[in-house]
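First up is the structure itself, then whatever we jot down about it.
Protein chains: 2
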Amino acid sequence: MRFGTLYGIGVGPGDPELLTLKAVRILQQVPVVFVPVTRPGAESLAARIAGPHLPATVEVAPLVFAMRAEGAVMADRWEQNAATVGARLALGQDAAFLTEGDPSLYSTFQHVAGCLRRQHPEADIQVIPGVSSIQAVAAAAGVALADADERLALLPATYEDKALTSAFRDFDTVVLLKVAGALERVLDRLDALGLTANARCVVRCGQPGERVIADVNTLRGAKLDYFSTMIVRTKP
Amino acid sequence: MRFGTLYGIGVGPGDPELLTLKAVRILQQVPVVFVPVTRPGAESLAARIAGPHLPATVEVAPLVFAMRAEGAVMADRWEQNAATVGARLALGQDAAFLTEGDPSLYSTFQHVAGCLRRQHPEADIQVIPGVSSIQAVAAAAGVALADADERLALLPATYEDKALTSAFRDFDTVVLLKVAGALERVLDRLDALGLTANARCVVRCGQPGERVIADVNTLRGAKLDYFSTMIVRTKP
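Going line by line, the protein sequences match chains S and U.
Numbering-wise, the first sequence is residues 35 to 270 according to my numbering.
Numbering-wise, the second sequence is residues 35 to 270 according to my numbering.
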């Protein structure tokens, strides 16, 4: 029997109108759509974004990923979830796996695809790229990520002072993802380098409550939303 | 009279199905679509990509950008083209400006928008993000750009050995845009750092003749297409 195709679909940063035509077409053709959730019963943000484009007849199957689990537990989950997906493909069914933003950027899809390739080398896996949250952040902030011969660095989650300093020195644009956890340290570094005025922070981009902060020093002492991204242009 | 809105629209990397629903909707609403061309009479790649979604009645207006012009000539072109766009907006018409990939990444749109803001501070300028060629390259190569706490660097066009070496040392993934001009130097650096097996090259991504080169050493001595991108994963 023909083995099904798995489509890793990027649903974009939040606005259901930012899905691609290709993503919408595939969602209307597959019998089952896998969606990642952080715990049983939790809502999937990717499923919410794609919601308006899911036919009433499609099966939406949650896959539980323990986002903050330890390495071995996490790897085990990836294997299990890949096996669940593989079992459906083995029935000859095509399937979609939804991912917020783009499947190539900070997505669980990569791990499931990797496990699936090992478990079922015959599986056909296709990536349907989507608009990433980083591009939506740049659009919301009205800032270019890069132009001409400019260099762009994406730094996620944690930043040592040394990494920050060399990124601000060597790159024209630095994007700091999930900046909330290191906010004061980042603001100190920007101040020290005279870059505060060149920074923009976008909170909850593409989601309800989105806002752009042009003067990032006003964020000092605030509890910043987890989904906050800072873009720093390092040249005048 | 109401001043029109300018929509900077990313049309994605090449496949007309990778436009977003939002891009398609706006293209069907605006009376005029500006498209960048490199010389009078030249074809616009962005217009070709968006072609299937342009209504027969829409006016497609080419704007000539001298891609390799000197700084002052180039800046003058941006000003002139922004004035052309601004004149239409001043009539109360909305307009679209097409850009390959995403308007925030290596797009002429940023310059036109910058000039337009100075010429007409009242202009409403909206960026409609699109799938960038970098994401399409990653999807084609079956490679993740970044995962979890990984760092990503985009380096365009020219690379000194020092910049290459520090990028390969400090980042988990390095994307080398327009790699053709520096191919031998990049291959030498990859060899010296033991990273050759971790590199993938995608030629003419999303365009006719697209191909993925898994063994980049086979490219030595070849004349590589201008639209070639290399992705290097720097960790085992």
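Using N, Cα and C, we set each Cβ at its ideal position, and we do this for glycine too.
Beta-carbon neighbours of residue i, restricted to chain U and to distances below 8 Å
i: PRO190/S; result: ALA180, ALA182, ASP183, GLU184, ARG185
Residue i to residue j span [Cα, whole Å]
i: LEU123/S; j: GLY46/S; result: 25 Å
i: ALA80/S; j: VAL165/U; result: 17 Å
i: ALA121/S; j: ALA147/S; result: 14 Å
i: VAL171/S; j: SER78/S; result: 21 Å
i: VAL236/U; j: VAL246/U; result: 4 Å
i: ARG73/U; j: PRO163/U; result: 26 Å
i: LYS257/U; j: LEU217/U; result: 9 Å
i: LEU40/S; j: ILE265/U; result: 23 Å
i: ALA57/S; j: LEU227/S; result: 43 Å
i: GLY44/U; j: ASP110/U; result: 24 Å
i: ASP206/U; j: PRO242/S; result: 32 Å
i: GLY215/U; j: TYR260/U; result: 8 Å
i: TRP112/S; j: HIS145/S; result: 6 Å
i: MET108/U; j: ASN115/U; result: 11 Å
i: GLY240/U; j: ASP49/U; result: 6 Å
i: GLY176/S; j: ALA248/S; result: 10 Å
i: GLY135/S; j: SER167/S; result: 6 Å
i: ILE60/S; j: ARG59/U; result: 19 Å
i: ARG267/S; j: GLU156/U; result: 25 Å
i: LEU210/S; j: ALA180/U; result: 13 Å
i: THR230/U; j: ARG203/U; result: 14 Å
i: CYS149/S; j: PHE99/S; result: 14 Å
i: PRO89/U; j: GLN62/U; result: 6 Å
i: ASN232/S; j: ALA182/S; result: 19 Å
i: PHE68/U; j: ALA84/S; result: 30 Å
i: LEU53/U; j: HIS87/S; result: 16 Å
i: LYS269/S; j: SER262/U; result: 27 Å
i: ARG151/U; j: GLU244/U; result: 38 Å
Chain S contact for residue i (CB, 8 Å cutoff)
i: SER138/U; result: yes
i: ALA172/U; result: yes
i: LYS269/U; result: no
i: GLY164/U; result: yes
i: GLN144/U; result: yes
i: GLU93/U; result: no
i: GLN169/U; result: yes
i: VAL266/U; result: no
i: THR54/U; result: yes
Cβ-heavy atom distance, residue i to the ligand FAD, below 7 Å
i: PRO190/S; result: As presented, the structure is devoid of all ligands, the ligand FAD included, so that no description of it is given.
Chain-ordered chain U contacts of residue i [CB-CB under 9 Å]
i: GLN127/S; result: Those do not exist, as GLN127/S stays about 22 Å from chain U at its closest Cβ, beyond 9 Å.
i: SER200/S; result: SER200, ASP204
Proximal residues of chain S, C-beta to C-beta of residue i below 7 Å
i: LEU40/U; result: The premise fails here: LEU40/U is roughly 12 Å from chain S at the closest Cβ pair, so nothing lies under 7 Å.
i: LEU281/U; result: Lying outside 35 to 270, the shown extent of chain U, residue 281/U is not represented and no answer is given.
CB contact below 8 Å: residue i versus chain U
i: LEU61/S; result: no
i: GLU51/S; result: yes
i: VAL161/S; result: yes
Amino acids of chain U, ordered along the chain, whose beta-carbon sits closer than 7 Å to that of residue i
i: THR230/S; result: Within 7 Å Cβ-Cβ: nothing; THR230/S doesn't reach chain U, min ~21 Å.
Chain-ordered neighbours of residue i on chain S, where CB pairs are closer than 8 Å
i: VAL58/U; result: LEU55
Are there three or more Cβ pairs, one per stretch, closer than 8 Å when the stretch 191–206 of chain U is compared with the stretch 220–229 of chain U? Look at the beta carbons and you see the stretch 191–206 of chain U touching the stretch 220–229 of chain U: at least three pairs across the two are nearer than 8 Å.
4-residue-minimum alpha helix (DSSP H) runs that sit fully inside the stretch 166–204 of chain U, ordered along the chain: Within the stretch 166–204 of chain U, the runs of alpha helix (DSSP H) at least 4 residues long that lie entirely inside it are, in chain order, 167–175, 195–204.
Could you pull out every unbroken alpha helix (DSSP H) segment of at least 4 residues lying fully inside the stretch 110–177 of chain U, listed in chain order? Whole alpha helix (DSSP H) segments, 4+ residues: 143–153, 167–175.
Within 8 Å, do at least three Cβ pairs link the stretch 149–163 of chain U to the stretch 124–131 of chain S? Counting Cβ pairs under 8 Å, fewer than three are found: no touch.
Start-end ranges of the alpha helix (DSSP H) lying completely within the stretch 40–105 of chain U, minimum 4 residues: Qualifying alpha helix (DSSP H) stretches, in chain order: 55–61, 79–84.
Go through the stretch 198–253 of chain U residue by residue and report every complete run of the alpha helix (DSSP H) that reaches 4 residues or more, in order. Within the stretch 198–253 of chain U, the complete alpha helix (DSSP H) segments at least 4 residues long are 217–227, listed from N- to C-terminus.
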